[in-house]
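Read in order, the letters of the sequence shown are residues 36 to 323 in the working numbering.
Glycine residues also receive a C-beta, built at the ideal position from the N, C-alpha and C atoms.
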Amino acid sequence: MINQKAKQVIAEVVSNKKVGSYSHIVLAVNEISGFVRPGNFVSIAVGGANSSLVLRRAFAIYRSSIRGDGQGLLEIIVAQSGAGSRWLTEREIGDQVDLIAPLGTSFGIPTEPVNALLVGGGYGSAPLFALADLLKMRGCRNHMIIGAGTATKIFAPLEGKRSVHSLTITTDDGTAGRIGRVTDVIPEIIQANDIEIIYSCGPMAMLEAISKISQELEIMHQCSVEESMACGIGVCMTCVIPVRQAKIANDESDRVVMTRTCIEGPVINAADVVWTDSTEISEGVWGK
Numbered sequence: 036m037i038n039q040k041a042k043q044v045i046a047e048v049v050s051n052k053k054v055g056s057y058s059h060i061v062l063a064v065n066e067i068s069g070f071v072r073p074g075n076f077v078s079i080a081v082g083g084a085n086s087s088l089v090l091r092r093a094f095a096i097y098r099s100s101i102r103g104d105g106q107g108l109l110e111i112i113v114a115q116s117g118a119g120s121r122w123l124t125e126r127e128i129g130d131q132v133d134l135i136a137p138l139g140t141s142f143g144i145p146t147e148p149v150n151a152l153l154v155g156g157g158y159g160s161a162p163l164f165a166l167a168d169l170l171k172m173r174g175c176r177n178h179m180i181i182g183a184g185t186a187t188k189i190f191a192p193l194e195g196k197r198s199v200h201s202l203t204i205t206t207d208d209g210t211a212g213r214i215g216r217v218t219d220v221i222p223e224i225i226q227a228n229d230i231e232i233i234y235s236c237g238p239m240a241m242l243e244a245i246s247k248i249s250q251e252l253e254i255m256h257q258c259s260v261e262e263s264m265a266c267g268i269g270v271c272m273t274c275v276i277p278v279r280q281a282k283i284a285n286d287e288s289d290r291v292v293m294t295r296t297c298i299e300g301p302v303i304n305a306a307d308v309v310w311t312d313s314t315e316i317s318e319g320v321w322g323k
């Protein structure tokens with residue numbers, strides 16, 4: 036079911052600034068900012084009224100807040116990856132955009148303080164900073180790893196360090212932090228800090244690799260999957276992935292269902308995902 040707090044609003048661009056390779060866009064969205072939780076996303080109509088870009092674009096929400104004058108704000112980080120995102124990054128202060136938010140599921144927060152590891156890839160790390168703030172408020176000890184191919188693709192705002200006890204950066208080419216991938220350093224950070232839960236957001240290949248580590252070490256892992264969402268409200272079925280569901284009736288094994296990540300996700304228990312690079316429907320999918 037679609038997020039019950041979601042609303043369609045015409046938002047005004049309050050700020051649009053370059054941050055490294057990305058654009059940090061702030062939108063005035065009135066009261067809906069108060070309903071945003073870490074892991075939720077926003078679906079934005081791009082291209083303008085006369086554009087041939089008919090599909091909305093989904094973006095993870097970086098932060099939400101309320102100004103002193105009571106105006107609700109929503110922040111997103113955008114990478115220019117096509118005509119739609121390019122149009123959005125070209126918006127100026129005062130321009131208006133049509134959006135629906137908050138959408139999707141959010142990260143689960145432990146009821147007791149835990150040692151948490153937050154792992155992000157590229158600008159996929161954006162929603163993890165609001166999560167880190169919330170976890171810190173709950174008494175958790177947070178450690179963060181951010182990785183990318185090169186230094187210019189790292190998104191790690193300075194203020195984000197206030198909610199983490201350690202921040203490790205990795206780049207494939209060694210231009211920032213440690214050379215290698217996030218998975219190269221995850222085991223040692225888990226061992227050194229007695230990690231009890233992992234949160235991740237980024238490319239699917241990275242999430243799959245983290246999932247393998249978390250299952251081997253028997254650590255809970257919640258991931259925000261990165262799938263194309265053409266509608267964002269569960270209608271088009273373009274964002275489905277195979278996910279295991281609990282045993283039902285007299286079935287011998289778990290049922291695997293093609294699940295809409297815009298509705299039942301994007302935050303999902305990584306152990307339930309049937310990770311595959313194939314475009315074919317996985318073996319064992321219910322109804323196949």
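Residue closest to residue i, alpha-carbon to alpha-carbon, out of the options
{"i": "VAL77", "options": "LEU108, ILE101, SER56", "result": "LEU108"}
{"i": "ALA161", "options": "VAL308, ALA114, ILE303, GLY267", "result": "ALA114"}
{"i": "ARG173", "options": "GLU147, LEU193, LYS196, GLY195", "result": "GLU147"}
{"i": "ILE37", "options": "GLU66, VAL61, LEU138, GLY119", "result": "LEU138"}
{"i": "ASP289", "options": "VAL308, ARG295, CYS271, MET272", "result": "VAL308"}
{"i": "ILE112", "options": "ALA93, ARG102, VAL291, GLY103", "result": "ALA93"}
{"i": "GLU223", "options": "LEU242, THR210, THR203", "result": "THR203"}
{"i": "LEU169", "options": "ILE303, MET255, LEU252, VAL71", "result": "VAL71"}
{"i": "GLU231", "options": "ILE268, ILE254, GLU243, HIS178", "result": "ILE254"}
{"i": "VAL81", "options": "LEU134, PRO73, GLY74, GLY269", "result": "LEU134"}
{"i": "GLY117", "options": "SER100, LEU88, SER141", "result": "LEU88"}
{"i": "ILE189", "options": "THR210, HIS178, LEU62, ILE221", "result": "THR210"}
{"i": "ILE268", "options": "GLU251, HIS178, LEU62, ALA136", "result": "ALA136"}
{"i": "GLY55", "options": "LEU193, PHE164, PRO145, ILE79", "result": "LEU193"}
{"i": "ASN150", "options": "MET272, ARG176, CYS271, ILE79", "result": "ARG176"}
{"i": "ILE221", "options": "HIS178, ALA165, LYS42", "result": "HIS178"}
{"i": "ALA95", "options": "ALA165, TRP310, THR205", "result": "ALA165"}
{"i": "ILE60", "options": "GLU110, PRO145, LYS42", "result": "GLU110"}
Proximity test, residue i beta-carbon vs the ligand GTP heavy atom, cut-off 7 Å
{"i": "GLY139", "result": "The ligand GTP is absent from the structure shown, which contains no ligand whatsoever."}
Rounded straight-line distance, which links the Cα of residue j to that of residue i
{"i": "TYR57", "j": "ALA191", "result": "11 Å"}
{"i": "LYS40", "j": "LEU152", "result": "28 Å"}
{"i": "GLU262", "j": "CYS274", "result": "6 Å"}
{"i": "ALA46", "j": "SER68", "result": "11 Å"}
{"i": "CYS297", "j": "SER201", "result": "31 Å"}
{"i": "GLY105", "j": "GLY143", "result": "28 Å"}
{"i": "VAL49", "j": "GLY83", "result": "18 Å"}
{"i": "SER259", "j": "ARG295", "result": "13 Å"}
{"i": "GLY184", "j": "SER120", "result": "20 Å"}
{"i": "ALA306", "j": "ARG102", "result": "39 Å"}
{"i": "LYS171", "j": "SER198", "result": "6 Å"}
{"i": "GLN257", "j": "ILE303", "result": "6 Å"}
{"i": "ASN75", "j": "ASP229", "result": "28 Å"}
{"i": "ALA265", "j": "GLU66", "result": "25 Å"}
{"i": "SER52", "j": "GLN280", "result": "It is Lys, not Ser, that sits at residue 52 in the sequence shown. If I take the Cα positions, the gap works out to 42 Å."}
{"i": "SER86", "j": "SER99", "result": "29 Å"}
{"i": "GLY182", "j": "LEU242", "result": "12 Å"}
{"i": "PRO73", "j": "GLY300", "result": "12 Å"}
{"i": "ALA227", "j": "ILE180", "result": "14 Å"}
{"i": "VAL292", "j": "ASP207", "result": "35 Å"}
{"i": "SER141", "j": "ALA167", "result": "13 Å"}
{"i": "LYS247", "j": "THR218", "result": "10 Å"}
{"i": "LEU252", "j": "LEU62", "result": "41 Å"}
{"i": "TRP122", "j": "TYR97", "result": "19 Å"}
{"i": "TRP310", "j": "PRO145", "result": "25 Å"}
{"i": "THR205", "j": "ILE79", "result": "31 Å"}
{"i": "ILE276", "j": "LYS196", "result": "33 Å"}
{"i": "MET272", "j": "ILE225", "result": "36 Å"}
{"i": "LEU163", "j": "VAL270", "result": "27 Å"}
{"i": "LYS42", "j": "ALA240", "result": "32 Å"}
Residue i classed as buried or exposed, judged by whether at least 16 other C-beta atoms fall within 10 angstroms
{"i": "SER313", "result": "Because SER313 sits at a pLDDT of 46, beneath the cut-off of 50, its placement in the model cannot be relied upon, and the point is left open."}
{"i": "ILE245", "result": "buried"}
{"i": "GLN131", "result": "exposed"}
{"i": "ARG91", "result": "buried"}
{"i": "VAL44", "result": "buried"}
{"i": "THR187", "result": "exposed"}
{"i": "SER249", "result": "buried"}
{"i": "VAL278", "result": "buried"}
{"i": "VAL64", "result": "buried"}
{"i": "GLY322", "result": "Residue placement at GLY322 is poorly supported in this model, since its pLDDT is 47, which falls under 50; the coordinates still yield a value, given next. GLY322 should be labelled exposed."}
Q. Would the segment 146-160 and the segment 120-134 be scored as touching if the rule is three or more Cβ pairs under 8 Å?
A. no
(Q) Please give me, in chain order, every unbroken run of the beta strand (DSSP E) with length at least 3 that falls completely inside the segment 193-251. (A) 201-206, 232-236
Q: Return the chain-ordered ranges of every alpha helix (DSSP H) run that is complete within the segment 74-158 and spans a minimum of 4 residues.
A: 118-124
Q.
Within 8 Å, do at least three Cβ pairs link the segment 206-215 to the segment 225-241?
A. no
Q: Run through the segment 166-194 for me and flag every whole beta strand (DSSP E) of 3 or more residues, listed as ranges in chain order.
A: 176-183
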